[in-house]
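Under our numbering, think of the first position of the sequence shown as 429, with each following residue one higher. By construction, the Cβ of each residue, glycine as well, lies at the ideal position given by its N, Cα and C atoms. Please read all numbers here as calculations on a predicted model, not as lab measurements. Comments concern the structure below.
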Amino acid sequence: MDIAIFIFALVQFVRKKYHWVFVSIFILVSNWLEIWFGINAYDSSFPFSHKTTDTGLILFLIIFGFSIIKFGFYKASIQKVIIYFYIFLLLNGIIDIIDNVQVGDIIRYCRGWVYLSVIWIDPKIYVQSIDKMLRILLFVILGTTIIIIWQNLNGNYTFAQPIDTERGIKPSFYVILFIPILFFDAIKYSKFSKWLMISIFLISIIINLKQTYLITVVLTLLSYVFIYQRKQISKLFGYSLLIIVGSLALLFTNDKFRDRIEESLTISNSIKYETRDSNASYRLLHTIERFNYIMENPETMIRGIGFIHEESFNKQVFTVGNMNLNTGERSQLDTPDIAWSNFFIRFGLLGTAVFIIMYISIVIQLYKNSKGSELSKVFGSFLFICLIFTSFGNAVISYSYFYIFPLMLISSIKHNK
429 MDIAIFIFAL VQFVRKKYHW VFVSIFILVS NWLEIWFGIN AYDSSFPFSH KTTDTGLILF
489 LIIFGFSIIK FGFYKASIQK VIIYFYIFLL LNGIIDIIDN VQVGDIIRYC RGWVYLSVIW
549 IDPKIYVQSI DKMLRILLFV ILGTTIIIIW QNLNGNYTFA QPIDTERGIK PSFYVILFIP
609 ILFFDAIKYS KFSKWLMISI FLISIIINLK QTYLITVVLT LLSYVFIYQR KQISKLFGYS
669 LLIIVGSLAL LFTNDKFRDR IEESLTISNS IKYETRDSNA SYRLLHTIER FNYIMENPET
729 MIRGIGFIHE ESFNKQVFTV GNMNLNTGER SQLDTPDIAW SNFFIRFGLL GTAVFIIMYI
789 SIVIQLYKNS KGSELSKVFG SFLFICLIFT SFGNAVISYS YFYIFPLMLI SSIKHNK
């Protein structure tokens, strides 16, 4: 499948339909839009053994190289903080080499952050196509969501792998971005189409009992309203009432969702007695264990353990972790469940601070660009909530493909001005 997408994207590249290239890149590098298709779904043996994400990386490097050769490096308004982050990665990698970490491990980890360099691609290539790209992704995610809902209802899982037999298949992470995009008309559709798509996305979240997703949506909607519409009293009141009443109605009418919320509220006792009674307690214990580990040594406190690969770590120092299906042991380093574990173990306190500064700079730039751009408002609100809330239940902000569209949006607005 990834090779078919790659060939399709190359044809579109030759035809100068660059929006299809960027969409193809995003689908490949985002692990099939963060839909779980099983442990082998991200490996390909055609025409040789490789990761499907690497296919997306090659596509990205092609369009990046094309832009640099044709237009030179674009001077982005946000580039300084990204350069500082890249300097940290470089220095940490050099220290790893001194500590005899395999160069292959360092490259394997650091290549995951290459997509931040999208800021140096000249926006002439995509400035007129961001809306078109998001529409294409919207319909791809809408199609997969409909399939996921159907299979969750009939219990026949052939499209993707379920979390468990009760909750079924988890929808794409990006349904929680497109709900506020549609809600605030950042991409315009008729009222019927807009509410139909929002309903489909919400149903997929509710069926899967994804409380992190649902709360992220609610908080994103509320943050948008209070940041950008606080002077419009009637609209502020109307939207806030709609969001709050809808959330309460869900809690009072859906016993399973209410039970999941109540389960998470037992987190204080779980942490106190170090029991993993819920996903929330598991994630915080996971982070606490890694944080305590790096704090035991001044070097790891500053820079973490570096970029050594999981298979090369050869230690079992952590008791909290997902079961690695390849080795049959608990994963020690990276996790898809909470971003802060990844940051602390890889970057230490210094690198985490550099990352947070970069992240906040991106949010601030989106806020500055918000005048006349509904997309900037939605992305800014979404990234803000992902930092303060979603990052504790999902690790997606620790993957650089998450920033492709926000950074493209920042550069395109500057270009238009």
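{"Asked": "Ile574, DSSP secondary structure in three states", "Found": "helix"}
{"Asked": "Leu518 classed as buried or exposed, judged by whether at least 16 other C-beta atoms fall within 10 angstroms", "Found": "exposed"}
{"Asked": "Identified DSSP bridge partners for Gly596", "Found": "Asp592"}
{"Asked": "The region 578 to 589 contacting the region 528 to 540, beta-carbon criterion three pairs below 8 Å", "Found": "no"}
{"Asked": "Expected contact under 8 Å - CB spacing of Gly732 and Phe783 to nearest Å", "Found": "Incorrect: roughly 11 Å between the Cβ atoms, too far for contact."}
{"Asked": "C-alpha distance - Phe436 paired with Gln744, whole-angstrom precision", "Found": "43 Å"}
{"Asked": "Asp482 - DSSP class collapsed to helix/strand/coil", "Found": "helix"}
{"Asked": "Whole-number beta carbon distance between Ile736 and Met729, since they are thought to touch under 8 Å", "Found": "About 17 Å separates the two Cβ atoms, so there is no contact after all."}
{"Asked": "As assigned by DSSP and simplified to three states, the class of Asp524", "Found": "helix"}
{"Asked": "When Ile643, Ile790 and Pro726 are compared against Gly821, the one with the closest alpha-carbon", "Found": "Ile643"}
{"Asked": "Status (buried if at least 16 other CB within 10 Å, exposed otherwise) for Ser698", "Found": "For Ser698, the pLDDT reaches just 47, beneath the cut-off of 50, and the residue's location in the model is therefore unreliable, although a value from the coordinates is still provided. Ser698 is buried by the Cβ-count criterion."}
{"Asked": "Distance CB(Phe600)-CB(Ile463) smaller than 8 Å", "Found": "Looking at the sequence provided, one finds Ser at residue 600 rather than Phe. Yes. Within cutoff."}
{"Asked": "Where Trp382 falls, given that 16 or more other Cβ within 10 Å makes a residue buried", "Found": "Absent from the model: residue 382. The displayed extent of the chain is 429 to 845, so no value can be given."}
{"Asked": "Runs of alpha helix (DSSP H) lying entirely within the region 609 to 639, each at least 4 residues, in chain order", "Found": "619 to 635"}
{"Asked": "Rounded C-alpha distance that separates Phe812 from Ser472", "Found": "35 Å"}
{"Asked": "Distance between Ser740 and Gly583 (C-alpha atoms, nearest Å)", "Found": "39 Å"}
{"Asked": "The alpha helix (DSSP H) enclosing His447, as first and last residue numbers", "Found": "Tyr446 to Val457"}
{"Asked": "Distance between beta carbons of Val449 and Phe441, contact taken as under 8 Å", "Found": "5 Å"}
{"Asked": "Rounded separation between Met761 and Ile591 - CA only", "Found": "It should be noted that the sequence gives Leu, not Met, for residue 761. Taking the straight line from one Cα to the other gives about 21 Å."}
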